[in-house]
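Reading the sequence shown from the start, the letters are residues 523 to 1115 in my numbering. The next block holds one structure in the form of structure tokens; read it before the comments.
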Amino acid sequence: MSPHGKKLINNPNDVVTEFIEGLVETCPGLQYLDGFPEVKVVLRADVSSGSYEKVAVISGGGSGHEPAHAGFVGPGMLTAAICGNVFTSPTVNSILAGIRAVTGPKGCLLIVKNYTGDRLNFGLAAEQAKAEGYKVETVIVGDDCALPPPRGVAGRRGLAGTIFVHKIAGAAADAGLSLVEVAAEAKRASEMVGTVGVALSLCTLPGQVTSDRLGPGKMELGLGIHGEPGAAVIDLQPVDVVVSLVLKQILSTEAHYVPITRGSRVVLMINGLGATPLMELMIASGKAIPQLQLEHGLAVDRVYTGSFMTSLDMAGFSISVMKADYSILQRLDAPTKAPCWPVGADGNHPPTKIPVPVPPSRLHHDEPSSRPQELNEQAHILEAAIEASANAVINLRDVLNEWDSKVGDGDCGTTMFRGATTILEDMKKHYPLNDAAATVNEIGCSIGRVMGGTSGVLYDIFCKAAYAKLKEKQSSTVTPKGWVDALEAAIGAVSKYGGASAGYRTLLDALIPACGALQERLAAGDDPLTAFVLSSEAAITGAESTKNMQAQAGRSTYITGDVLSTVPDPGAMAAAAWYRAAALALQNCLQKP
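Okay, here's the thing in structure tokens:
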């Protein structure tokens, strides 16, 4: 067994009462009965038993499944939730207190998950309430499809599909239906839904040790929401496979857990079990929908993705599939103020994909930009400079990654490599090399499409600013002065939006000295080629000097000076490398006989 699980709690015995206190402070529409610690009941603040003219809908059970059940108390859903201790059925006295607090002349419906303790305690409370003159009906929910159809009295376990029953019963009650009618709708809903869960880890109860029953690389299908063993322990599988296994189990034509056949309309719930990131839940949702449609021939009318009925900190999810018709959809879409029911979960679903907007400059062109069949002299020089710059960055990939692993997140070389290789590929296809300004813009497009991260957006800004400056001249041929102005504008844009300047230990510590040297040499009367080559030496010197700088931008700001002094800034070295390579390529082209 591993050590006690880490929890942000006080006394483990107080977690439920302190949860309730936090919940009602967060949600002004909720209250709780002043009966702690024996009575733990959350109820609507706008309901009192003496004046409530609708059917009260009450549910509950052991705590540890939050937001169920208290998070679903509100108009249009539950009227009250009875909270037991963690994974422990609430007491009869607590259930009775809840019934007395919210039940008016039209009576109350108890929605109970199918566990022995819940059935017994809610059942006894119901009988005592009836003896006191209350009208009470009970619906038992057993939506578990993981285990073979049971023999005996245990029945199928109540799982996340119970939340659908809460919503449907709450909407029916809110519409003014009688107790018999509300109970009938809840019972019918409970017979339409099936659920199977899958866990990557077990949960840890407050104050207890974490079980190591599930070993590394294993997952459990059909695990119960209290950590009860499921149907099978298997090797960890990709989510596509897991979703497929779960859906086949729920929709099994042999076990016939749910009355769903090809052509049925259904609603889907992907429910996190407590420690599963929303990213993973959405991935599961995205894989489940096409499988339901294509493999099982079902129309998916609604999708609910989130954490609705958890198991403390268990990693994993459950999938619930419910047969739908107009009346069920109407109840699911009905408004509710229950704080944890998903907002906007209705049938108004626009197309999931729309085209990527095209820049305005391209709207007037039937064909995208393309590489000219014949290159002019400037285009040949430009191509050579771009190719040399890209190859210089490609050759530095491993060194940049090594430096970045010490002062950043270790991916500078990989990121720059991705941009450089894409530039080379795109240049062969569609760079309009006879138009220097347009080519610079296309370089930015290539970078923006594939590089990502801070470097990607900074270089995209660099290219867009340079393009804007070059475009002002309205000429496909660029003078040396035009290139200098474009470089200065690009550096200014990167500094403006990135927030860095000289001495911040960034790529600007290579480019700012280079631009300054270029301007200085041209002003002194040097020929442009010589000025470019000399400025590239300034870029190298500036990049190497970053060893002596304390970072003021990027992830390097979190690194101590002792570590920073061992390596130069990777971004600055990459910038110096491509700048230097471009200068030497230009020199080689222009000095050829």
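Note that the Cβ used here is the ideal one computed from N, Cα and C, for glycine as well. In this text, all values refer to a predicted model and were calculated from it rather than measured experimentally.
Roughly how many angstroms lie between the CA atoms of residue i and residue j, to the nearest whole one?
i: G551; j: E575; result: 18 Å
i: F984; j: V972; result: 16 Å
i: L816; j: P873; result: 18 Å
i: A1032; j: G1047; result: 23 Å
i: W925; j: P1035; result: 22 Å
i: G620; j: I580; result: 8 Å
i: S997; j: K1003; result: 13 Å
i: V1089; j: V921; result: 11 Å
i: M831; j: P559; result: 23 Å
i: L946; j: K986; result: 19 Å
i: L992; j: A1008; result: 6 Å
i: A648; j: P799; result: 39 Å
i: H886; j: V880; result: Residue confidence is low: H886 scores 46 on pLDDT, short of 50, so the model does not pin down where it sits. Its coordinate-derived value is still stated next. Answer to the nearest angstrom: the Cα atoms are 10 Å apart.
i: L681; j: E543; result: 25 Å
i: E899; j: T827; result: 59 Å
i: F609; j: Q1074; result: 50 Å
i: E703; j: R710; result: 11 Å
i: P861; j: A912; result: 54 Å
i: D1064; j: G932; result: Checking the displayed sequence, the identity of residue 1064 turns out to be Gly instead of Asp. So the two alpha carbons sit approximately 22 Å from each other.
i: A1104; j: L918; result: 15 Å
i: Y656; j: A602; result: 16 Å
i: F541; j: L701; result: 31 Å
i: A578; j: A708; result: 13 Å
Which residue's Cα is closest to the Cα of residue i: the options?
i: L1108; options: K709, L1056, A578, M714; result: L1056
i: L618; options: V563, T638, H952; result: V563
i: L820; options: V880, M949, T601, L769; result: L769
i: M804; options: G966, A1012, G785, V825; result: V825
i: A716; options: D762, I542, D835, D666; result: It should be pointed out that residue 716 corresponds to Gly in this sequence rather than to Ala. The candidate whose alpha carbon is nearest that of G716 is D666.
i: S968; options: A906, K995, T937; result: T937
i: E654; options: A797, E707, G583, T625; result: T625
i: F1054; options: G1064, E1042, A1065; result: E1042
i: F686; options: A1099, P864, E750; result: P864
i: C605; options: D640, C630, G598, L631; result: D640
i: G737; options: S723, G645, G749, H748; result: S723
i: P857; options: S712, G664, L669, M599; result: M599
i: G584; options: A578, T539, T548; result: T539
i: R853; options: S774, L699, V1006; result: L699
Consider the Cβ of residue i: report whether some Cβ of chain C lies at a distance smaller than 9 Å.
i: F686; result: Any reference to chain C falls outside this structure, which holds one protein chain only.
Take residue i and list the residues in its own chain whose beta-carbon comes closer than 8 Å to its own, dropping the five residues that flank it on each side.
i: V765; result: A806, K809, A810, Q813, I841
i: G495; result: With the chain running from 523 to 1115 in the structure shown, residue 495 is simply not present.
i: G739; result: D757, L758
i: D823; result: R787, V788, V789, A846, L851, G869
i: Q553; result: V546, V564, L565, R566, A567
i: S892; result: K951, H952, P954
Count the other C-beta atoms from every protein chain shown that fall within 10 angstroms of the C-beta of residue i, then say buried if there are 16 or more, exposed otherwise.
i: Y848; result: exposed
i: H587; result: buried
i: I908; result: buried
i: G838; result: buried
i: T684; result: buried
i: K845; result: buried
i: T1001; result: exposed
i: G746; result: buried
i: A721; result: buried
i: V878; result: exposed
i: M1071; result: buried
i: P751; result: exposed
i: I633; result: buried
i: V763; result: exposed
i: E742; result: buried
Sorted by chain position, which residues of the same chain lie with C-beta nearer than 6 Å to residue i's C-beta, five sequence neighbours on each side aside?
i: L980; result: V1016, G1020
i: D1091; result: R1027, T1068
i: A901; result: L955, N956
i: Y1101; result: A1036, S1058, A1061
i: L834; result: G586, C725, G796
i: A1012; result: F984, A987, A988
i: Q771; result: C667, V718
i: G966; result: D982, C985, K986
i: A1097; result: L1029, A1032, L1033
Going along the chain, which residues of its own chain have a beta-carbon closer than 7 Å to the beta-carbon of residue i, five neighbours each way excluded?
i: L1051; result: L1108, Q1109, L1112
i: N643; result: S611, P612, T613, V614, I617
i: A1024; result: L1030, D1031, I1034
i: A705; result: L631, E659, V661
i: A942; result: A912, V915, I916
Just checking residue i against the ligand COA - is the residue's beta carbon closer than 8 Å to any of the ligand's heavy atoms?
i: V538; result: Among the ligands in the structure shown, none appear at all, so the ligand COA cannot be discussed.
task: Could you tell me whether the segment 718–734 touches the segment 554–573, where touching means 3 or more Cβ pairs closer than 8 Å?
output: no
query: Is the segment 689–704 close to the segment 577–595, with three or more CB pairs under 8 Å?
result: yes
query: Is the segment 775–789 touching the segment 752–761, taking contact as three or more C-beta pairs under 8 Å?
result: no
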